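Chemist: Residue 431 is where the sequence shown starts when you use my numbering, and the numbers rise one by one after that.
All residues carry an ideal CB built from backbone N, CA and C; glycine is no exception.
Since this is a predicted model, take the numbers as computed values, not measurements.
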Amino acid sequence: QVQLVESGGGLVQAGGSLRLSCVASGRIFRIDDMGWYRQAPGKQRELVATISSFGSTNYADSVKGRFTISRDNAKNTVYLQMNSLKPEDTAVYYCNSDLNWRDTWGQGTQVTVSS
431 QVQLVESGGG LVQAGGSLRL SCVASGRIFR IDDMGWYRQA PGKQRELVAT ISSFGSTNYA
491 DSVKGRFTIS RDNAKNTVYL QMNSLKPEDT AVYYCNSDLN WRDTWGQGTQ VTVSS
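Below you can see the structure in the form of structure tokens.
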């Protein structure tokens, strides 16, 4: 079964850092864009950052300069380095990718930033 599995979430104080990881596993023939989204309580899911298979990146304005997305194609893994975290970054973070031409989501990992 092809799937995405996130890890690295947790509780951190404002100003701190976390690094999220997402591994694509299963019988994978092709991985296109990979990205991170987040959903805070009572809000819609929103884009955080995406990265193409060639390394082109795109960020939400709210995280530019603080978050960095990267990927290791040999390991089928995408990362999200989050620095200078703010309480408003608190959300469930989801990994997303086109795996074998199919839009796929991970189960999510909770990030909580305390003030």
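My parser needs the alpha helix (DSSP H) runs of 4 or more residues fully inside the segment 456–511; what are they?
Modeler: Fully enclosed alpha helix (DSSP H) runs of 4 or longer: not present.
Chemist: Less than 8 Å between the CB atoms is what I'm expecting for K494 and A444, so what's the real figure, rounded?
Modeler: Along the sequence shown, one-based indexing puts residue 494 at 64. Along the sequence shown, one-based indexing puts residue 444 at 14. About 18 Å separates the two Cβ atoms, so there is no contact after all.
Chemist: Is it a yes or a no for the segment 485–493 touching the segment 532–542, going by three-plus beta-carbon pairs under 8 Å?
Modeler: With a cut-off of 8 Å, the segment 532–542 and the segment 485–493 do not count as touching, because too few Cβ pairs lie within range.
Chemist: If you draw a straight line from the C-alpha of A521 to the C-alpha of G439, how long is it?
Modeler: Against the sequence shown, residue 521 aligns to sequence position 91. Against the sequence shown, residue 439 aligns to sequence position 9. Computed Cα separation, rounded: 10 Å.
Chemist: Applying the 10 Å Cβ sphere with the 16-neighbour rule, what's the burial state of R457?
Modeler: Locating residue 457 in the sequence shown gives position 27, where the first residue counts as 1. Exposed, by the Cβ-count rule.
Chemist: For my contact list, S527 and A454 are in at a C-beta cut-off of 8 Å; report their separation, rounded to the angstrom.
Modeler: For the purposes of this step, residue 527 is identified with residue 97 of the sequence shown, where counting begins at 1. For the purposes of this step, residue 454 is identified with residue 24 of the sequence shown, where counting begins at 1. With 8 Å as the limit, S527 and A454 qualify as a contact, their Cβ atoms being about 6 Å apart.
Chemist: Look at the Cβ atom of I481, then the Cβ atom of D463, and state whether they are nearer than 8 Å.
Modeler: Looking up residue 481 in the sequence shown gives position 51. Looking up residue 463 in the sequence shown gives position 33. Yes, Cβ-Cβ distance for I481 and D463 is below 8 Å.
Chemist: Kindly list the residues whose CB is nearer than 8 Å to the CB of E436, restricted to its own chain and excluding five residues on each side of it in sequence; keep chain order.
Modeler: For the purposes of this step, residue 436 is taken as residue 6 along the sequence shown, with counting starting at 1. For E436, where only same-chain residues beyond five positions count, the Cβ hits under 8 Å are L450, S451, C452, Y523, Y524, C525, G536, Q537, G538 and T539.
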